[in-house]
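Student:
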Amino acid sequence: MAEPLLRVEKLVRRFGGIIATDNVSLDVAAGELHAIIGPNGAGKTTLISQLTGHLAPNSGSVSLGGRDITYLPAYRRCALGLARSFQITSLLFDFTAADNVALAAQAHAGTSFRFFANARKEKGLRDAAHAALDRVGLLHRADVVVSRLSHGERRELELAVALASKPKLLLLDEPMAGLGVTESQRMVNLLQELRKEVSIVLVEHDMPAVFALADRITVLVYGRVIASGDPAAIRGNDDVKRAYLGDQHVVTHHG
Amino acid sequence: MKAFTVSKAVTALMLAGLVLLPLYSQASGNIFILTLFTRVVILALAAASLNLIMGYGGMMSFGHAAYLGIGGYAVGILAQEGVGSGFIQFPVALAASALYALVIGALSLRTRGVYFIMITLAFAQMAYYVASGLARYGGDDGLTVYKRSDFSGLINLGNRVQFYYLCLACLFGVIFLIWRIANSRFGLVVQGLRSNEQRMQAIGFPAKRYQLVCFVISGMMCGLAGALLANNTDFISPAVMYWTRSGDLMVMVILGGMGALFGPVMGAVVYLLLEEFLSQLTEYWALIMGPLLLLIVLFGRGGIMGLLGRFNRG
């Protein structure tokens, strides 16, 4: 079997007495859309932060394409092809949409220790930015400052920024957070398109979206993986039902 | 070029005034005004350098006056030791400032926010006390520079008008550089880091490297101001590094408009002229200056440049 694109092995992260990530192991194959779900406080964001390098694990390892990246800083992981979006929109609010994306392209196109030439006139960077904006349907808003974009547009821009670095693996932390019904649907359609080009790890609360999109689903409860499999298997898994619906419900059901 | 705006018109007027000032001074026989404005131009240069890290880079350095001292002492000490050539003094002033900025920056940039302000302040105060301890070079009392930097006939710093134009050329040169830097790849990264460091790390930029280089460039620019200042006053003392001087520079930047290219020049002109004018009126000029500054900062977000910008939006 081929080396998985992302391999997480026995990852442990404690905060004081609380084990937020408890021996988590998971593989993401190239070309896969792998969803991570779990109730609130299951440690999804803690896990993502360790994948992106914003948080160091206490033990265990993370490797990308066979290379150990457990202790690499965030910016180095990005250079290796790992891009992320944030659960809470994190953009350069006083820059235009195009600038936001062009900077991401710039990070991967040669040195940024250039002090004299006007970077906004670099055709390569602008073209890359416009292509990524077009990809998420934001091209018509390219020259608008981020602080004047709607919430839905900002979520799409997050995606364009991540895409501009031409990643091998996209880590999306709740891309649907705060989106309305139609906006959510647009995002699902967009992800359907993107998954053809790039492997995706998707953390999401929106269950219909997850089940519509994912090749595989990993369920996290209290920092532990309680199930991992294709959507059908997860849907039928008793442990998962118990975690989501509560013990009481399952007992009554069985009784 | 974009359309005419009030802030552009005022800026152009101010710059024209600075260029033509020596003519007025000679025509009217008012030498004092040339001396005053030489000081204004030099401190505008220092404020512009601070604006690079503060306005564009979001690094609130409260120790920028240290470079005025370092640049000044480089000139003073070399002159004292018999090295009078400006071709040596000025490069040494820049190199010493760069070295100081590199060390201080590497340490200070580990911190953020208030801690950054405090640690840059602490280092500048250390520099102040080190200078006070230089017994050979006057210690507390300072050091007289008996001979201005010698540029072997190329330009005579002893001539008031020539010296003024040298300072003005340095100011314009530095502002041109800052303009290019601000729109360059490097400048966009630095401004991106000011806006959202976490995001910049996530798209692949190691924050500290860029901030440190920016810090060093800014320090060198201010070191140049220091070297000019020592020539202007024929004297250098620890007092130019005192924390209140760093505060003055910050006020000039904020007053003029942080992150506005010509903001610090505007800030320096207004601040120093007000100081001059008010101190002639009353001994308690600070009592008037303080509230005036407060009003501009409170009601003119973006300083004077911000205020002028509002005229266009009606």
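Those sequence lines, one after another, are chains L and F.
For the record, in the first sequence the residue sitting at position 49 is 49 according to the numbering used here, with numbers rising by one throughout.
In the numbering used here, each number is its position in the second sequence, counted from 1, plus 1000.
Ideal Cβ positions, reconstructed from N, Cα and C, are used throughout, including at glycine.
Because the structure is a prediction, the values reported are computed rather than measured.
So, is M1059 of chain F buried or exposed, given that buried needs 16 or more other C-beta atoms within 10 angstroms?
Tutor: buried
Student: Take V1251 of chain F and list the residues in its own chain whose beta-carbon comes closer than 7 angstroms to its own, dropping the five residues that flank it on each side.
Tutor: Y1271, L1293
Student: Give the interface partners of T52 of chain L over in chain F, defined as CB-CB distance under 8 angstroms, in chain order.
Tutor: A1202
Student: Between which residues of its own chain and A30 of chain L is the CB-CB distance below 7 angstroms, once the five residues before and five after are set aside?
Tutor: So the list reads L5, S199, once near-sequence residues are dropped.
Student: Helix or strand or just coil, what does DSSP make of A35 of chain L?
Tutor: strand
Student: Considering only residues of the same chain and omitting the five flanking positions on each side of G1187 of chain F, which have a CB-CB separation below 7 angstroms?
Tutor: Y1056, I1181
Student: Which of helix, strand or coil does DSSP assign to N1156 of chain F?
Tutor: strand
Student: Please confirm if the segment 1196-1205 of chain F is in contact with the segment 70-79 of chain L, defined as three or more CB-CB distances below 8 angstroms between the two stretches.
Tutor: At 8 angstroms Cβ cutoff, the stretches touch.
Student: Which residues in the same chain as G1314 of chain F place their Cβ atom closer than 8 angstroms to its Cβ, once the five residues preceding and following it in sequence are excluded?
Tutor: With a pLDDT of only 46 at G1314 of chain F, under 50, the local geometry of the prediction cannot be trusted, and the value read off the model is given with reservation. None.
Student: Label F1277 of chain F either buried or exposed according to how many other C-beta atoms from any shown protein chain fall within 10 Å of its C-beta, with 16 as the threshold for buried.
Tutor: exposed
Student: Are the CB atoms of V1145 of chain F and I1236 of chain F nearer to each other than 8 angstroms?
Tutor: In this structure, I1236 of chain F lies closer than 8 angstroms to V1145 of chain F by Cβ.
Student: Short check: CB of L149 of chain L to CB of A97 of chain L, under 8 angstroms?
Tutor: yes
Student: Taking DSSP's pairing of strands, which residues face G229 of chain L in a bridge?
Tutor: L:I217
Student: Counting C-beta neighbours from all protein chains within 10 Å, is the total for V251 of chain L 16 or more, i.e. buried, or is it exposed?
Tutor: Residue confidence for V251 of chain L is low, a pLDDT of 43 falling below 50, so the modelled location carries little weight; the figure read from the coordinates is stated next. V251 of chain L is exposed by the Cβ-count criterion.
Student: If we ignore side chains and look at the alpha-carbon of each, how far apart do L1298 of chain F and I1254 of chain F end up?
Tutor: If I take the Cα positions, the gap works out to 11 angstroms.
Student: Can you look up I234 of chain L in the DSSP assignment and give me helix, strand or coil?
Tutor: helix
Student: Could you tell me if L1107 of chain F is buried or exposed, where buried requires 16 or more neighbouring beta carbons within 10 angstroms of its beta carbon?
Tutor: exposed
Student: Tell me which residues share the same chain as R1245 of chain F and place their Cβ nearer than 8 angstroms to its Cβ, disregarding the 5 neighbours each side in the sequence.
Tutor: A1065, L1068, A1239
Student: Kindly identify the DSSP beta-bridge partner or partners of R84 of chain L.
Tutor: Residue pairing by DSSP puts R84 of chain L in a beta bridge opposite L:L171.
Student: Apply the 10 Å Cβ neighbour rule to Y1115 of chain F and answer buried if 16 or more other Cβ atoms are within range, or exposed otherwise.
Tutor: exposed
Student: List the residues of chain F whose Cβ lies closer than 8 angstroms to the Cβ of S49 of chain L, in chain order.
Tutor: Within chain F, no residue comes near S49 of chain L; the closest Cβ sits about 11 angstroms away, beyond 8 angstroms.
Student: Kindly give me the distance between the Cβ atoms of A1098 of chain F and G1219 of chain F, rounded to whole angstroms, as I take these residues to be in contact under 8 angstroms.
Tutor: Rounded to whole angstroms, the Cβ separation of A1098 of chain F and G1219 of chain F is 6 angstroms, and the two are in contact under 8 angstroms.
Student: What residues in its chain sit with their C-beta under 7 angstroms from that of Q1080 of chain F, if we drop five residues either side in the sequence?
Tutor: Y1137, L1143
Student: Given that a residue counts as buried once 16 or more other Cβ atoms are within 10 Å of its Cβ, and exposed if not, what is Y1129 of chain F?
Tutor: exposed
Student: Taking Cβ to Cβ, would you say E158 of chain L is nearer than 8 angstroms to F86 of chain L?
Tutor: yes
Student: Quick check: what's the CA-CA separation for F1172 of chain F versus V181 of chain L?
Tutor: 55 angstroms
Student: Answer yes or no: does any C-beta atom of chain L fall closer than 8 angstroms to that of N1051 of chain F?
Tutor: no
Student: Please name the residue, chosen from F:M1305, F:Q1211, F:I1296, that lies closest to V1103 of chain F on a Cα-to-Cα basis.
Tutor: F:Q1211
Student: Grouping DSSP H, G and I as helix and E and B as strand, with all else coil, what is V1083 of chain F?
Tutor: coil
Student: Does F1087 of chain F pass the burial test, meaning 16 or more other C-beta atoms within 10 Å, or should it be called exposed?
Tutor: exposed
Student: Determine which residues of the segment 75-89 of chain L have a Cβ less than 7 angstroms from any Cβ of chain C, and write them out in chain order.
Tutor: No chain C appears in this structure, whose protein chains are L and F.
Student: List the residues that DSSP assigns as beta-bridge partners of A9 of chain L.
Tutor: It is Glu, not Ala, that sits at residue 9 of chain L in the sequence shown. DSSP output for E9 of chain L lists L:S61 as bridge partner(s).
Student: Please list the partners that L92 of chain L has in chain F, where partner means a Cβ-to-Cβ separation under 7 angstroms.
Tutor: G1192, S1195, N1196, R1199
Student: Rounded to whole angstroms, what is the Cα-Cα separation between L72 of chain L and G53 of chain L?
Tutor: 7 angstroms
Student: Taking buried to mean at least 16 other C-beta atoms within 10 Å of its own C-beta, is P1022 of chain F buried or exposed?
Tutor: Classification of P1022 of chain F: buried, given that the 10 Å Cβ count is 16 or more.
Student: What distance in whole Å lies between the Cβ atoms of A105 of chain L and L133 of chain L, which are believed to be in contact at a cut-off of 8 angstroms?
Tutor: Not quite, the Cβ-Cβ distance comes to about 11 angstroms (not below 8 angstroms), so this is no contact.
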